[in-house]
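Those protein sequences? They're chains W and A, same order as listed. Quick note on the working numbering: the first sequence kicks off at 1 and runs consecutively. Quick note on the working numbering: the second sequence kicks off at 153 and runs consecutively. Using N, Cα and C, we set each Cβ at its ideal position, and we do this for glycine too.
There are 2 protein chains.
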Amino acid sequence: MTVPVQPFITTFQGSLDAKGRVCIPAAYRTILTAQGTPGAYICPSFIDPALDSFGQSLLDETAARLAAQDPFLSPSFDDEATTLIARTHILVPDENGRVVLPAALIEHAGLKDKVLFAGKVKKFQIWEAERYAALEAEAVARMRARYAEGRS
Amino acid sequence: MTVPVQPFITTFQGSLDAKGRVCIPAAYRTILTAQGTPGAYICPSFIDPALDSFGQSLLDETAARLAAQDPFLSPSFDDEATTLIARTHILVPDENGRVVLPAALIEHAGLKDKVLFAGKVKKFQIWEAERYAALEAEAVARMRARYAEGRS
DNA sequence: TGGGACAGCATGGGATATCATGGGATTTTG
DNA sequence: CAAAATCCCATGATATCCCATGCTGTCCCA
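In C-alpha cells:
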C-alpha cells in the first residue's frame, strides 16, 4: 500500500492562549489544504488524553468504511459513528493559521499553556506538552526493548 | 524488492556552525535528490546518540507500513509513529547544501564543532566526531571477534 | 611528471521573508 | 445591553535566502 497523501511528520511546540486558540503549524496547514480540506477536523482521542486532527483524506476513508456497513443492522456501526464521527469538529483557521478549540476538547486533552503537535502519518495529535514528553519517553523505551530482543 | 536506490556509503567529516547548520556532503545530496526528496529527513536514533538521516524512499517505506494500520483502531501503531514519524524532521538544504539542525536534535546527538557523516546503506548517520571514533573501534572489534569464532 | 589554472564544495556572515503570538476593535447573540 | 465570538493589525522571534570567501581536489598542459 502506498502512502496516499503527504504524511504528517515532526513534532511542533505551540501555545494555547487565553482565548482558547492554537496556531496549527504551517507545515501541517500546507498538508491540510493540499487535501482540499476547508480546515482541520478535530476529534477527541478515545484512547489518550489528546486530540486527533486530520484532513479530508482520513475523514473520507473513515466515512467510507462506515458507509460500507449497514447503518440499521450493524452493531459496530453505531459505536464507531458515535465515537469517531459524531465527536469530530471542523475548525477553520483564521488568516494567521489559528483555530479556537472548543472548551470540551481543551478539557479532554487537559491542555494548559504549552501544547504539542505530533505528526502520526495520516493524522496529527495535540497534547499537553508535559504529558506528551512522558508518553514519548515510554514509547521510545518500548521500541528500544523491541530492538534489543531482535524483533524488527 | 530489489535494491531500490543508490546506497549511502563512505564517511565524511563536517562541521556544525554557530547557527546550528551542517553541510550535507555532496555525495549524499546527490542520492537524496535522486530519490525525489524535497530535502533530507532527519530523526534522532532511538538506539544511539546519533541522528538518522534518509530520503524519500525510506520515509515512504516507513509511512506506508504505518498507513496500512488503522490510525484509530491499531494499538501497535502508536509506538512506532511516536518514535519514528513524530520525531522525524524534514530539512531542506539551502543552495549551498546546508541544513539547520533543530536544537533538540543537536542535543540528542551531543553535537559539537566536529561532526561525522557515516553511510549506512538506506540511511546515513550524523555523529559527534569523537564519539563515533570510539564506536567504530568497538564495532570493528566485534566483527573481528565474530570472525575468530567462525574459524575455531 | 610537476605545476598551474579551474571548478566544485564547504563555511562565515548579513539581509529578508515567514511564522507564531499577543492584544485590541468590531460584530453577533442571547 | 452585556458577553462572547470573530476579525484584524502589530510585533518579536525564527528560519530562509543570498552573497562573498577560502579550500581542496581535478584536469590540463608544458
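A buried status is given to Thr37 (chain W), since no fewer than 16 other beta-carbon atoms sit within 10 Å of its beta-carbon. With three or more CB-CB distances shorter than 8 Å, the region 42-51 of chain W counts as touching the region 81-97 of chain W. In the structure shown, the three-state DSSP call for Arg131 (chain W) is helix. Straight across, the Cα-Cα distance linking Leu105 (chain W) with Gly20 (chain W) is about 10 Å. Within the model, the alpha-carbon separation for Ala141 (chain W) versus Thr10 (chain W) is close to 19 Å. Sequence-distant partners of Ala233 (chain A) (beyond 5 residues in either direction) whose C-beta falls short of 7 Å from its own C-beta, in its chain, are Leu218. For Val22 (chain W), not one C-beta of chain A is nearer than 8 Å to its own C-beta. Lys120 (chain W) and Asp222 (chain A) have their C-alpha atoms some 11 Å from each other. Beta-bridge partners of Gln125 (chain W) (DSSP): W:Asp52, W:Ala118. Residues Pro49, Glu128 of the same chain have their beta carbon placed closer than 6 Å to that of Gly110 (chain W), with the five preceding and five following residues left out of the count. Taking C-beta atoms as the reference points, Leu243 (chain A) and Gly166 (chain A) fail to come closer than 8 Å. Under the rule that a run must span 4 or more residues, the alpha helix (DSSP H) segments found entirely inside the region 169-217 of chain A read 178-186. Counting C-beta atoms within 10 angstroms of its own C-beta, Leu225 (chain A) has fewer than 16 neighbours from the protein chains shown and is therefore classed as exposed. Comparing alpha-carbon positions, the option among W:Cys23, W:Arg131, W:Ile24 lying closest to His108 (chain W) turns out to be W:Arg131. In the three-state reduction of the DSSP assignment, Leu263 (chain A) falls in the coil class, being assigned neither a helical nor a strand state. Taking a beta-carbon distance threshold of 8 Å, Thr182 (chain A) does not count as an interface residue toward chain W. DSSP places Ser167 (chain A) inside the beta strand (DSSP E), whose first and last residues are 163-167. In the displayed model, Phe77 (chain W) falls within a helix according to three-state DSSP.
Of the candidates A:Thr185, A:Pro227, A:Ala291, the residue whose Cα lies closest to the Cα of Glu247 (chain A) is A:Thr185.
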